[in-house]
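Below: the structure, in structure tokens.
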Amino acid sequence: MEESIISTSGLTKRYGNFLAVNELDLTIGKGDVYGLLGPNGAGKSTTILLLLGLAEASAGNAMVCGFNPATHPIEVRRRVGYLPDDVGFYDSRSGLENLLFTARLNSIGKDDAYRRAWQLLEQVGLASDAEKKAGTYSRGMRQRLGLADVLIKNPSVIILDEPTLGIDPQGVRQFLDLIVRLSREQGLTVLLSSHHLHQVQQVCDRVGLFVGGKLIADGTIDALSSKLFASEPIIVEAGFTARNGIAHFQPDDLMPLTNTIRDIEGVGSVSFADGILRVGCVNDRSSLIARAVFEAGYDLTLLQKKRHGLDEIYHRYFQESEPYGKTA
Amino acid sequence: MRFITVIFKKVNHMEKLLDLYRSFAERGRRITWNQAIASLRRLIQPARRREPLHPFWVIVGREMSDHIRSWRFIILLALISLTCFGSLYTGLSNVGTPKAAGTEANKAFFFLQLFTATDGTLPSFTVFLNFLGPLLGIALGFDAINSELNRGTMSRLVSQPVHRDYVLNAKFVGSLLVMATLFFALTLLMTGLGLIFIGVPPTASEFVRILAFTLLTVLYVAFWLNIAILFSVRFRQPATSALCSIAVWLFLAVFYPILIKLIAKALAPQPGPMAGFDGSAADFQRTVINLLRFAPGQLYSDATTTLLMPVVRSLGPLTMEQVAGAIPNPLPLGESILIVWPQLTGLIAATVGCFVLSYIAFMRKEIRAR
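Chain order of the listed sequences is A and B. Heads up: the first sequence runs through residues 1412 to 1739, numbered per my numbering. Heads up: the second sequence runs through residues -3 to 366, numbered per my numbering.
See the structure below:
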């Protein structure tokens, strides 16, 4: 990692007896797209508030763009754009006017502000709706206007809190693509909080898993998966039917088959659920598994090889730690 | 075209304009008004363009334009204008009548009667404002903070490089400016119309009294504005905060005086042989009036009465000895202000107190997205 642009050490936020953020040590490098993952109430939003200096930390400190948000919030907010999860605009003003207002709050001159606002509206695909009142915008449009609003101050870091909440799948895809493209083009650091695993997987270089106010894992998705599933990095899934046409099996009926597969070298765990056999193995054993299935008297209907995704990582961590902040 | 040159020449300080006009004329161009206005703008604006407006004034500006465009403000504006013209009518039809003039001394301040004269069918301008002013203040402030929180614009606003207190201060200043402009415009309009109808111009001291009265009104409404802002910080629902402000207003305007008078009636000293001589009755009256003055409406009406009726020389009971030998002359402006100084201080203190409370509450509030 190159130089870090966001770093926290021992950052803690307590609400009464409730620990919202618990001794967080986080480092985000310049130009990273970092995903903050966790269930609702895990402390993601609180962490973001602390980073922006909008809430006071109970202990520990943070550095954002070389400034401490607790003591120099203005300097931090000049360099960091923040898109809250349900961003609001002045409904009686047009999208353009809303943008210009933000620009003027950031002391951008009138002509500059106009130019930038139009350019950004163009980029997020709202140029034709710029003069419409923000109250008439759809959820997806509001979110895109929000992105333009964040970018108009020319930030070096943008923080997006659940930016894809409530947008349809197609819209989510476009939105995420837009974020990634912009961050690549302008060398932006992006901190993205979400509980949607797949979206985060799609766009983030690194992820941090947040549970109960604690960062329980941090790194690239590959690194996380190999660290977690060192014994069995590959999963082979197999679906099959019996030759007599029966497609539904009791696990007990399959005992001979699962035993055979378990005996294959390099195979770790074997499980059966929803008509699909899941085999975790050290390296690719799909051909041997296929043969075993065939020899046991079944016909293969499905065979696929997967690496562990965030889903598995997420679930694995949840099994290990108590979810929903009960650690406090 | 020549007449323009003549006009410019006549007005000495417009030489700059004349130069401007000449330069156009010499170039042989036909100037249009638009061109003239554009070059005038260039004359005034370059300094402002280079320097972007301070963020605080950006918020104030947005706040003001929001108010001016809102239906709420337009309705109140209509209401208060109606009040203004209604009381102008009352004032005009009663000005100079013996009832309004009262003493000889009051006749010297003929013009001021416009604001206070009434025949009892319609209340005078000051009484109307005493009643409607709070409504305007509440209407401008009751959703200042909570509506931004509910719309989700607050979290966007505070994540910009502005200090958090700018938001609250700008809300207050914006509403205050709108309201002050409104009152000054209305009062001056009333003065102007009165001037046309009566035909007697106000004296300098009368005019200053009118301005002081307007300032006082702004201060009074600012108090209610702050009460409303306080509730808007405290309560999440605009309806709740509006209702709370109105409840406080009704209590202080209607029920509090009734309550005090009821208690006073029960506790009043029995008229004995020495009543009126030992001062106990006067003391009692003074206490009652002072208790009434906890209501800002009372402070306001005390102050306006003194400012607009120069003969009023005391706001409490006066004993016969005090009045004996006094010439019923009007007081000079300074003396009138001196009499209402405690009232003014009280109003300012109440306003500042409310503002401090809402400031503390707002600064401690954690602002999350909706």
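Backbone N, C-alpha and C fix where the C-beta goes; we use that ideal spot for every residue, glycine too. Note that this is a predicted model, so its numbers are computed, not measured.
Which residue from the options puts its Cα closest to that of residue i?
i               : options                               : result
N1670 (chain A) : A:E1706, A:A1653, A:N1655 and A:L1494 : A:E1706
F168 (chain B)  : B:C240, B:G57 and B:H50               : B:G57
F290 (chain B)  : B:G190, B:L73, B:T149 and B:F247      : B:F247
Q1530 (chain A) : A:R1515, A:V1601, A:D1560 and A:I1646 : A:D1560
T341 (chain B)  : B:A299, B:G330 and B:I356             : B:A299
Q1613 (chain A) : A:A1431, A:N1509, A:L1448 and A:L1430 : A:L1448
T1458 (chain A) : A:D1572, A:G1686 and A:N1509          : A:D1572
S155 (chain B)  : A:L1507, A:R1488 and A:L1589          : A:R1488
K1441 (chain A) : A:T1513, A:V1568, A:I1627 and A:G1686 : A:V1568
P1450 (chain A) : A:L1435, A:K1625, A:G1691 and A:Y1548 : A:K1625
N1517 (chain A) : B:W53, B:G148 and B:L84               : B:W53
D1523 (chain A) : A:S1549, A:I1563 and A:I1485          : A:I1563
M1666 (chain A) : A:A1649, A:Q1715, A:E1676 and A:S1682 : A:S1682
I1578 (chain A) : A:H1607, A:K1424, A:P1484 and A:K1544 : A:H1607
S1698 (chain A) : A:I1687, A:I1672 and A:G1679          : A:I1672
L84 (chain B)   : B:A32, B:I256 and B:F107              : B:F107
G195 (chain B)  : B:N165, B:D115 and B:V91              : B:V91
R1515 (chain A) : A:I1632, A:S1469, A:P1495 and A:N1565 : A:N1565
G1452 (chain A) : A:R1527, A:S1605, A:R1555 and A:G1421 : A:S1605
A1634 (chain A) : A:I1485, A:A1703, A:R1718 and A:I1646 : A:R1718
I344 (chain B)  : B:P306, B:H159 and B:P292             : B:P292
Using a Cβ-Cβ cut-off of 6 Å (strictly less than) and excluding sequence neighbours within five positions of residue i, which residues of its own chain qualify?
i               : result
R360 (chain B)  : none
A1431 (chain A) : K1424, G1454, T1457 and G1624
L1688 (chain A) : A1649
D1674 (chain A) : none
I'd like the list of long-range same chain contacts for residue i, defined as Cβ closer than 8 Å, with 5 residues on each side in sequence excluded.
i               : result
T1652 (chain A) : A1658, Y1709, D1710 and T1712
G129 (chain B)  : T213, Y216, V217, W220 and Y296
R1654 (chain A) : G1708, Y1709 and D1710
P234 (chain B)  : F138, D139, N142, S143, N146 and S228
Keeping to the same chain, check which residues put their C-beta closer than 7 Å to that of residue i; ignore five residues upstream and five downstream.
i               : result
F1660 (chain A) : none
C1615 (chain A) : V1444, Y1445, G1446 and L1603
F280 (chain B)  : A264 and P265
M60 (chain B)   : G170, L173 and V174
E1542 (chain A) : S1505 and L1507
V204 (chain B)  : L329
V244 (chain B)  : I223
K1737 (chain A) : Caution is warranted here: a pLDDT of 37 is assigned to K1737 (chain A), below 50, making its placement in the model unreliable, and no coordinate value can be reported.
Check the Cβ of residue i against every Cβ in chain A and list those closer than 9 Å, keeping chain order.
i              : result
I363 (chain B) : L1460, L1465 and A1466
Please list the partners that residue i has in chain B, where partner means a Cβ-to-Cβ separation under 7 Å.
i               : result
R1515 (chain A) : P48, L49 and V54
Please list, in chain order, the chain A residues whose beta carbon lies closer than 7 Å to that of residue i.
i              : result
V154 (chain B) : L1465
At a CB-CB cut-off below 8 Å, which residues of chain A make contact with residue i?
i              : result
R65 (chain B)  : S1503
R232 (chain B) : Here the premise fails: no neighbours, minimum Cβ distance about 14 Å.
Using a Cβ cut-off of 9 Å, pull out every chain B residue sitting near residue i, in sequence order please.
i               : result
G1630 (chain A) : Neighbours of G1630 (chain A) on chain B: none; closest Cβ ~28 Å, over 9 Å.
I1519 (chain A) : P48
Return no unless some Cβ of chain C is closer than 8 Å to the Cβ of residue i.
i             : result
R37 (chain B) : Looking at the structure shown, chain C is missing, and the protein chains on hand are A and B.
Check the Cβ of residue i against every Cβ in chain B and list those closer than 8 Å, keeping chain order.
i               : result
F1512 (chain A) : V54 and R58
*Return the residues of the segment 156 to 180 of chain B that lie within a Cβ-Cβ distance of less than 8 Å from chain A, sorted by chain order.*
Q156, P157, V158 and H159
*Is there contact here, the segment 131 to 144 of chain B with the segment 220 to 227 of chain B, by at least three beta-carbon pairs under 8 Å?*
yes
*In chain order, what residues of the segment 1490 to 1506 of chain A put their CB closer than 9 Å to some CB of chain B?*
For the segment 1490 to 1506 of chain A, which is checked against every Cβ of chain B, the residues closer than 9 Å are R1490, V1491, G1492, Y1493, L1494, P1495, D1496, D1497, V1498, G1499, F1500, Y1501, D1502, S1503 and R1504.
*For the segment 157 to 175 of chain B against the segment 1494 to 1504 of chain A, are there 3 or more C-beta pairs whose distance is under 8 Å?*
They do not touch, by the three-pair rule.
_Contacting positions in the segment 1463 to 1490 of chain A - beta carbon closer than 7 Å to chain B_ = L1463, L1465, A1466, I1485, R1488 and R1489
*In chain order, what residues of the segment 124 to 152 of chain B put their CB closer than 7 Å to some CB of chain A?*
R147, G148, T149, S151 and R152
*At least three beta-carbon pairs within less than 8 Å, the segment 1530 to 1550 of chain A to the segment 1445 to 1465 of chain A*: no
*asked:* Using a Cβ-Cβ cutoff of 8 Å, what residues of the segment 1558 to 1584 of chain A are near chain B? List them in chain order.
replied: D1560, K1564 and D1572
*Contact between the segment 1588 to 1596 of chain A and the segment 1618 to 1627 of chain A (3+ Cβ pairs under 8 Å)*: Judged by Cβ distances under 8 Å, the segment 1588 to 1596 of chain A makes no contact with the segment 1618 to 1627 of chain A, as fewer than three pairs qualify.
*Residues of the segment 1594 to 1618 of chain A with a CB closer than 9 Å to any CB of chain B: list them in chain order, please.*
Those would be none; no residue qualifies.
*For the 8 Å Cβ check, are there 3 or more pairs between the segment 174 to 186 of chain B and the segment 1575 to 1593 of chain A?*
no
*Quick one: which residues of the segment 1438 to 1458 of chain A get their C-beta closer than 8 Å to a C-beta of chain B? List them in chain order.*
S1456
*When Cβ atoms are compared, which residues of the segment 204 to 219 of chain B fall closer than 9 Å to chain A?*
none
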